[in-house]
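> Counting in my numbering, the sequence shown runs from 273 upward without gaps. Think of the CB as a built atom: it goes at the ideal place given N, C-alpha and C, for glycine as much as any other residue. Take this structure first; my questions come after.
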Amino acid sequence: MEQGGGGDGEHKSYFFNLYSFSFCRKLALKYHPDKNPDNPEAAEKFKEINNAHAILTDATKRNIYDKYGSLGLYVAEQFGEENVNTYFVLSSWWAKALFVFCGLITGCYCCCCLCCCCNCCCGKCKPKPPEGEEQEYYVSPEDLEAQLQSDERGR
């Protein structure tokens, strides 16, 4: 490393990765399934060690684990590493309270616009036809024929 180049962060990260690699390597050799063929717990321990090593050597995964723990890593697997922060912001209590508040103010939880309509979707704000004008209604042919027959009988 150059003197003065990169700063303390890279230097610490380098030694952290070196330490975690050697520590995980020793544990992996100790619990390797080939060295412990009759011990099923050793195989599980070996998987945990490999998973821990993968997290410790990847800076992004390590930051996620430091902030959110194992749940953060699960969310990163499901939704992607870039969406972990968004997930935890939207699942916070104040985001839920804001959603409930908006729903109560606008009065529309079940409409297609999801609280952005101010109660004007689904034809609620449709202008009423002027009074005195005839309105068009759909009448099925069977109903029309029955009406004509009843009118003919009434004459």
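Please go through the same chain and pick out, in chain order, the residues whose beta-carbon is closer than 8 Å to the beta-carbon of L301, but skip the five residues on each side of it.
Within the same chain, L301 has close Cβ partners K307.
> Just the Cα atoms here: how many angstroms apart are V361 and A367?
The alpha-carbon atoms of V361 and A367 are separated by roughly 7 Å.
> Can you check which of these residues, V372, L370, G344, is closest to Y359 by C-alpha distance?
Per the Cα distances, G344.
> Would you tell me roughly how many angstroms separate the C-alpha atoms of S364 and F371, rounded to the nearest one?
So the alpha carbons of these two residues sit roughly 11 Å apart.
> Roughly how many angstroms lie between the CA atoms of R334 and N357, to the nearest whole one?
When rounded, the distance between both Cα atoms is 14 Å.
> Restricting to runs no shorter than 4 residues, where is the alpha helix (DSSP H) found entirely within the region 328–379?
DSSP runs (the alpha helix (DSSP H)) wholly in the region 328–379: 331–351, 356–362, 365–378.
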